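Everything below concerns the one structure shown next.
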Amino acid sequence: MSAVLHPIEVEIIKVLRGEDYIALNEIAKQTKLSLDQIRRGVEWLKEKNLVEVKEETSSFIELDTLGEKSVAEGLPERRIHNFLNKRGGREEIEIVRKEIGMDEKEFSAAVGFAIKNGLVKVIKENGKILVEALPYSKSLDTEVLLNKIFSLKQIEINQLSSYERKILNELVKRPNYIKIKEVKQITVKAKNDAFKLLEEYYKANYVEKLTPELIVSGMWRNVKLRPYDIEGTVPVIYPGRKHPVQDFIDQVREIFLNFGFEEIEGQIVLSSFWNFDALFIPQDHPAREMQDTFYLKDMVDKSVRKNPLVETIRNIHENGGNTGSRGWNYKWSIAEAEKMVLRTHTTPITLQYLYKNRPLSAKVFSIDKVFRNENLDSRHLFEFHQYEGIVTGKNVTLRHLIGILSSFYKELGFKKVKFWPTYFPYTEPSMEAVAYVDKIGRWLELCGMGVFRPEVVEPAGIKNPVLAWGGGLERLILLAYDVDDIRFLYENSLGWLRSVNYARTKF
Amino acid sequence: MPVLSFRFERLNSFLKRRLSKEKILEILPLLGLNIEDVSDDEIKVEYSPNRPDYGSPAGIAKAINYFYFNEAPRIEFQLERSDYKVYVDKNVKEIRPYIIGMYAKLKFSEETLRELISLQEDLHEGIGRRRRKFAIGLHDASKIKPPIYYTVEAAEFKFIPLYNDKPMSIQEILSQTEQGKLYAHLLTRRDLFPILKDSLGQVLSFPPIINGNVTMLTERTQEIFVDITANELEQAEDALSILATTLMDYGAKVYTVEINFDSTKMETPNLTPRKMYLNSYNIKKILGISLKSDEVIEALKKVNMIGKTKDKQIEVLIPRYRTDILHEVDLIEEVGYGFGYNRLKPLPLKLHQNGRPLKIKRIVRDIRECLIGLGFIEVMTFYLANKDDQKPFTDNLIEVAEPKAKEYNVLRGTIVPQLLKVLASNIHEPYPQKIFEIGRTFKLRDENNDSIKEEIKIAALITHSDASFTEIKSVAIALMNYLGIKNYSFKASMHPYFIEGRCAAVIKNNKKIGVLGEISPFYLQKEGLRNPASGFEIDLENMI
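Next up, the structure:
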């Protein structure tokens, strides 16, 4: 420890006068330091043997509940005395108790005190027990002390006279009358060496800043640089940061790339033709209604009518076309197909990839925004992210899909994953993956999956099975970040963005 | 997705042998049913819209009987004829041409009635597409005096509709009743309306709107007449076959009725099974399991289908109520159900390929890293925005129709207004605040063309008491140098976001690729911001 005084120590010593021990609160009042700083400073001074520190425990007495009550209403023995005086001086003991409204225990204690203090006497007459008031006009010692405590609110025991202390001991025996508080106080007295060092400090003339001049000229050797309070608080600064949703996207993306998938991306605004019809979703399917899908106002995709694929898709919907299917058996309308929508899933983009490339084998993925016409609430967004993967190739089957998804979700952090059969209009067979999440103690739906129907992939010239899976990203993010309200992810609260720790081990 | 609630005991009453609650909960997901909620004695399941036959506890129980108790498949039915004949007036041809029906004897209970009506509603909502495809009428046959007439009436025609006690005209029914208001749009004409009545003139129904009160079903009903009217026959027959089979699952005896059109006669319901062919080779191709023909046939029995080998294929007879079997792949899925999806063991995928990220994502990552390095915090806002916020800055806004979240009614043409809103919601957070977003914006490709250009923009804002043009220009230059962009310059410009005289266009190869400047106090005050702010928005593709 240096013999050099710290600015905090300087302030403390200035306040300490030779003889007295001064309490820390007092020091705080007289300097601009916080109690925290003072405590630290005193510790350092103690270590340097420049001060003496005493820890004193003082006892303070206060009124407890019954003590307060007796100041307001009178001690029980006083109330008995007052009651009897109003009654003409004497009454049956049981009636007194009932009319005052005390229980037996309290009453018999009160009668005991009343007798002891000379307020009443108990007599037997005609087989009945009576209580009789005695003449008594002055205040009881206990009443006097209670009133004193009441007016001062708190008294240090050392301030009481020895007689008062005797009365106090009586009162303390009665439960809930008196509260005793023990308060530790630290007091400090400076030693002579402290004042010597203070003088030296003033003479030393510390320098605040190490400047280029001091460095270059060598004058730094001749000055003393002021020491710092290294435990003091410093300004909070915030690093630039990636949005947690983006971070999660990047993690999922990394898993796909590690599995050898090719990344693709596509348009957000699509014709119904691509978003629905090419995926064999019939035109009267409820999901196509404005209640669930965003249609663009007053806009159609003019390229649809020019697309030769349209007739093929029409036939497939109406009667199965050349796919060996029965089709949906309804009249397909091109006006419906050319309406423009905000894509409701990323599947049309992967389908367009298949049409464009006609691969014999491929592994493709995308993570991007999709839209559903919903109102914003704690569980729904109208705009959110979907992750999707497809695999196609010779000898690629549903069992391989189950296999790859088990690995995929394992990478993501889900240990217990199960697969159940379900239904989607454009895959057959279809399944869904669910995982048991310990954090929430239940099964959570992860994604839909399946093999694309021939009505979807045959017009694209794909002969091998196409496995596909897709799920919503936000529900996983909510789980990873323990956020309840989905809207919060896009509230962009800087408080959260600046402080949130990225979810690394998630579920 | 449709849901169904029922007591375990109710389900058990239809099962071949009683099953424990635990067993039932184990079996249901293997049939493709989703368990939504379970209480001590009741269960709520969600079933897929392609299996309307799961719309009653009797239907589900039947499936369990085939699947778990190996009950012999039942797909062919020899139905007796009833005495019911329906005569179709030629005038109804232009309005709502098709009607089919059936007659059944069943002792109803309060529970059976409730479940049948629930199935009817699910059929209306599901494959009926909210009654657009067909409308089902259920009638207490004891009140009917056949033959039945499917005819037309004018708007003033009166009868007592269901749940009412006074006669109402068709006009009044359409405008005053709940069903009238909901379904009036399904009627094609406003002068003549389809009406189904019996030989006494009693009105059975006014399809697709509402039934007549006279034939209302009660728990005391013992015979039922079902009618389904439609504009197309296919889905109506699907619904009738599901109702017929479900009634039989409830223990009813179902009879056919005769429909007399102008020149033809039909006997309905027609429950002739469908025939389709299945290849074991395709089962292996899709499911990844090798099954011998007899194993396939065993699996099909469990889902109530009958298969027999024919040449190298399996000829499958499919019960009429299975309206979801469109292609061989649907049969393959059924084999999967019969085999047991829980028995499919995963296989590792051996398709080797290198992972290939999109090139543009690398550039986006570089931009993100540079801005983070400069102390900016990434925010993410929506592509959908408010028209009034976007209007001052973008022409030809692309609007969406009837958004449920009404303030989000256009695709954004620019990001800066949304970033200003982010700052506005963070006025109690410490300053300085530096935010950025890399995201898409939308605009029309050109004025007359209905084609949309999707662009990627980089937008950033700085705000604090000394935010300035100089500061943001330094950031833009640092970013472009970091990315190795050459040939860029700045030119004084005007833009509604920015203070006049403190705005620059970012130019590259003589093309404007972005704007930069100090935000106009008009917008600062409007958003409730107190500090100056500066920012930029640059088009990514043009910048590279």
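Chains as they are written, first to last, in our numbering: chain A, 108 to 614; chain B, 435 to 978. Even glycine gets a Cβ: it sits at the ideal position worked out from N, Cα and C. Because the structure is a prediction, the values reported are computed rather than measured.
* Unbroken beta strand (DSSP E) run spanning A/K463, endpoints -> Where A/K463 is concerned, there is no enclosing beta strand (DSSP E), although the alpha helix (DSSP H) it sits in stretches over 454-464.
* To do: With DSSP as the reference, label A/M108 as helix, strand or coil.
  => Because the pLDDT at A/M108 is just 43, under 50, the model does not fix this residue reliably, and the point stays unresolved.
* Asked: Taking the continuous beta strand (DSSP E) assigned at B/A569, which residues delimit it?
  -> 568-574
* A/F387 beta carbon less than 7 Å from that of A/E562 -> yes
* So is A/W603 in contact with chain B if we call contact Cβ pairs under 7 Å? -> no
* By Cβ distance below 6 Å, which residues in the same chain neighbour B/N645 in space, the five residues on each side in sequence not counted? -> G571, L596, S639
* Integer Cβ distance of B/Y842 from B/N965, believed to fall under 8 Å -> Actually they are not in contact, since the Cβ atoms of B/Y842 and B/N965 sit about 28 Å apart, beyond 8 Å.
* **Short-range partners of chain A found in the segment 827-847 of chain B, where Cβ spacing is below 7 Å** => I832, E833, V834, A835, E836, P837, K838, A839, Y842
* If B/V949 and B/E971 are in contact, beta carbons under 8 Å, what's the gap, nearest whole angstrom? -> 6 Å
* **Which of helix, strand or coil DSSP assigns to B/N843** => coil
* To do: Just mark A/N599 as buried or exposed, buried being the case when its beta carbon has 16 or more other beta carbons within 10 Å.
  => buried
* Report the residue from B/P930, B/F924, B/F932, B/R936 whose alpha carbon sits nearest the alpha carbon of B/K945. => B/F924
* To do: My understanding is that A/H113 touches A/D336, with C-beta atoms under 8 Å, so please give their C-beta distance in whole angstroms.
  => 7 Å
* Distance CB(B/I717)-CB(B/L725) smaller than 7 Å -> yes
* Grouping DSSP H, G and I as helix and E and B as strand, with all else coil, what is A/V203? -> helix
* Asked: What distance in whole Å lies between the Cβ atoms of B/Y537 and B/V648, which are believed to be in contact at a cut-off of 8 Å?
  -> That belief does not hold up - the Cβ atoms of B/V648 and B/Y537 are roughly 17 Å apart, past 8 Å.
* B/A664 - partner residues in DSSP beta bridges -> B/Y532, B/F568
* To do: Give me the Cα-Cα distance between A/P319 and A/P334, rounded to the nearest whole angstrom.
  => 19 Å
* To do: With DSSP as the reference, please indicate the residues paired to B/F876 in a beta bridge.
  => B/E888
* Asked: Any beta-carbon of chain A closer than 7 Å to the one on B/Y488?
  -> no
* Asked: Looking at C-alpha atoms only, which residue of A/W439, A/P342, A/Q144, A/E199 is the closest neighbour of A/K228?
  -> A/E199
* Asked: Does A/M108 get closer than 7 Å to chain B when you measure Cβ to Cβ?
  -> With a pLDDT of only 43 at A/M108, under the threshold of 50, the placement of this residue in the model should not be trusted; the figure read from the coordinates follows. False, the Cβ-Cβ gap to chain B never drops below 7 Å.
* Rounded separation between B/I919 and B/I797 - CA only -> 12 Å
* Using DSSP with H/G/I as helix, E/B as strand and the rest coil, what is B/F932? -> strand
* Does DSSP put A/D484 in a helix, in a strand, or in coil? -> strand
* Asked: Is it true that the CB of B/G722 sits closer than 7 Å to the CB of A/L505?
  -> yes
* Asked: DSSP state of B/N468, grouped into three classes?
  -> strand
* **B/N504 classed as buried or exposed, judged by whether at least 16 other C-beta atoms fall within 10 angstroms** => exposed
* Asked: B/M710: buried (16+ other C-beta within 10 angstroms of its C-beta) or exposed?
  -> buried
* What do you get for B/T815, buried or exposed, if any count of 16 or more other CB atoms within 10 angstroms of its CB means buried? -> buried
* To do: Taking A/V323 as part of the alpha helix (DSSP H), name the residues at either end of that continuous run.
  => 319-324
* Asked: Using the beta-carbon count (16 or more within 10 Å), is B/G466 buried or exposed?
  -> buried
* Continuous beta strand (DSSP E) stretch holding A/Q493: start and end -> 490-499
* To do: Could you tell me the distance, in whole angstroms, from the CA atom of B/K795 to the CA atom of B/E812?
  => 16 Å
* Asked: To the nearest angstrom, how far is it from the Cα of B/Q747 to the Cα of B/L712?
  -> 6 Å
* Measure the alpha-carbon distance for A/I456 versus A/M447 and round it to whole angstroms. => 15 Å
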